[in-house]
Structure formats: C-alpha cells, structure tokens
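As structure tokens, the structure follows; a few thoughts come after it.
Numbering (the numbering used here), first residue to last: 270 to 485.
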C-alpha cells in the first residue's frame with residue numbers, strides 16, 4: 270500500500286511527507302509515479318477541486334491496474350482575504366497567471382490592501398484533501414488556519430503566500446516559521462491529521478510508528 274499524491278510541487282511534497290512521516294506507508298507524487306495529466310480544476314470550492322484531481326489520478330491508475338495498491342490523495346488549498354471578498358481563494362495558484370512568481374502575486378495583493386487597516390486584514394489559509402481508497406470509497410477532510418495579511422513580505426521559508434500571511438499568536442509570518450513549527454499548525458497539516466484518522470479506519474494495519482513505539 271502506498272499514497273499517490275496528485276501534485277508535482279516539491280515544496281508541498283516535502284511538507285506532506287513530513288506530516289505523514291509517522292505512518293508506515295510510502296508517499297509518492299504523481300510525477301514520481303510517472304503520471305502526466307492535464308487536470309482542469311473548474312470547481313467552485315476547494316473541496317470540489319480536490320475531488321476532481323483525486324478522481325482523475327485514480328482513473329489513470331485504474332487504467333494501469335494499480336488502484337488496489339494505492340490510496341490516491343489530492344489537495345486544493347488557497348488564501349482567502351476577507352477585505353478582498355475572499356480572493357484569491359480557489360484561484361490562489363492561478364492568480365495573475367500560473368507562471369507569475371508568488372512574490373509578484375503577493376506584492377499585488379499587498380498593493381490592493383495598502384489602505385486597509387490592520388484589524389480588517391483578516392485572512393485564512395484553507396486546505397481540502399480528497400482521498401480515493403482502494404474499492405472507490407472517497408473521503409474529504411479540511412483544515413483552516415486563521416491569520417491576517419501583513420504589510421510586507423517577510424521570511425524565506427515556506428512557499429506560496431507564506432511571506433505575507435502573518436500569525437499574530439506567533440508574531441511571525443508563515444515564512445518565518447521553521448518547517449517543524451509550520452507543520453504543527455498549517456492548514457495542510459490539520460487536514461492531513463484528520464485524513465490519518467480516516468486511513469486508520471479504512472485499514473487498521475496502517476499503524477503509526479508513534480503508536481508502535483508507545484506500545485514497546
């Protein structure tokens with residue numbers, strides 16, 4: 270049994286592997302599995318887009334006769350800014366074009382928010398994860414982390430909009446957190462932690478290393 274995650278984003282895969290690192294299961298990206306798919310993410314919500322991607326990869330693996338070996342997962346995540354009517358939302362990756370660097374996307378959002386006072390710069394990262402289990406059962410989990418948009422890019426860690434997403438309780442942006450700190454509180458980690466529970470319901474044999482160590 271292994272997890273095939275529907276992404277080619279290396280930063281995201283590092284994060285996913287770290288969060289799922291206490292499970293006795295291999296995690297591979299779609300690219301590592303040799304799948305090259307053009308998936309149209311035309312859903313209106315994060316959940317819909319996650320399901321679209323997971324279903325597309327599951328069908329591709331089924332065509333290769335691999336569905337009995339894999340749990341297929343896909344996520345859709347993004348940044349919702351309240352003062353901008355929850356933009357960029359499901360278009361977070363495509364905002365200003367997929368080839369535009371996130372640093373430029375972030376600067377544009379800061380420009381649009383330049384006259385918005387701090388108390389109204391509330392925002393959140395949202396992540397929906399869809400999983401298709403062997404046999405076709407599908408489960409979706411969601412994680413959210415609340416924060417606000419800062420006034421400048423800060424920090425060199427993380428990826429995406431992390432440098433402008435300020436976490437008041439930490440006094441830093443997401444890009445100023447260490448990987449370990451971020452993986453404890455991120456929207457993706459919250460969705461994946463819920464998914465771990467769903468996986469153990471599906472297959473109790475997928476015991477985590479942490480539980481094995483506790484029982485030694």
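From the three backbone atoms N, C-alpha and C, an ideal C-beta is built for every residue, glycine too.
For residue 375, the three-state secondary structure derived from DSSP is helix. For residue 385, the secondary structure class from DSSP, reduced to helix, strand or coil, is coil. Between residue 342 and residue 399 a beta carbon distance of about 7 angstroms is seen, short of the 8 angstroms cut, so the two are scored as contacting. In summary, residue 354 is exposed, with fewer than 16 beta-carbon neighbours lying within 10 Å of its beta-carbon over all protein chains present. Of the residues 333, 441, 276 and 425, the one whose Cα lies closest to the Cα of residue 344 is 276.
Going by C-alpha positions, residue 338 is about 47 angstroms away from residue 381. In this structure, the straight-line span from the alpha carbon of residue 446 to that of residue 426 is close to 7 angstroms. Ranked by Cα distance from residue 389, the first of 364, 366, 416 and 368 is 416. Put simply, the backbone Cα of residue 367 is about 16 angstroms away from that of residue 279.
Taking C-beta atoms under 8 angstroms as the contact rule, residue 419 and residue 435 qualify, at a distance of about 4 angstroms.
Two segments are said to touch when three or more pairs of C-beta atoms, one from each, lie closer than 8 angstroms; by this definition the segment 304-321 touches the segment 403-411.
Looking at the DSSP output, residue 442 shares a beta bridge with 435. In the DSSP assignment, residue 405 falls outside any alpha helix (DSSP H) and carries neither an H nor an E. As the crow flies, the alpha-carbon of residue 452 is around 6 angstroms from that of residue 288. Counting every other CB atom within 10 Å of its CB across the protein chains shown gives residue 322 a total of 16 or more, marking it as buried. Residue environment for residue 430: buried (at least 16 other C-beta atoms within 10 angstroms of its C-beta). Taking C-beta separations shorter than 7 angstroms and ignoring five residues to either side along the sequence, the partners of residue 324 in its chain run 401, following chain order.
Residue 333 and residue 308 have their C-alpha atoms roughly 18 angstroms apart.
348 is the residue among 406, 348 and 432 whose C-alpha sits nearest the C-alpha of residue 356.
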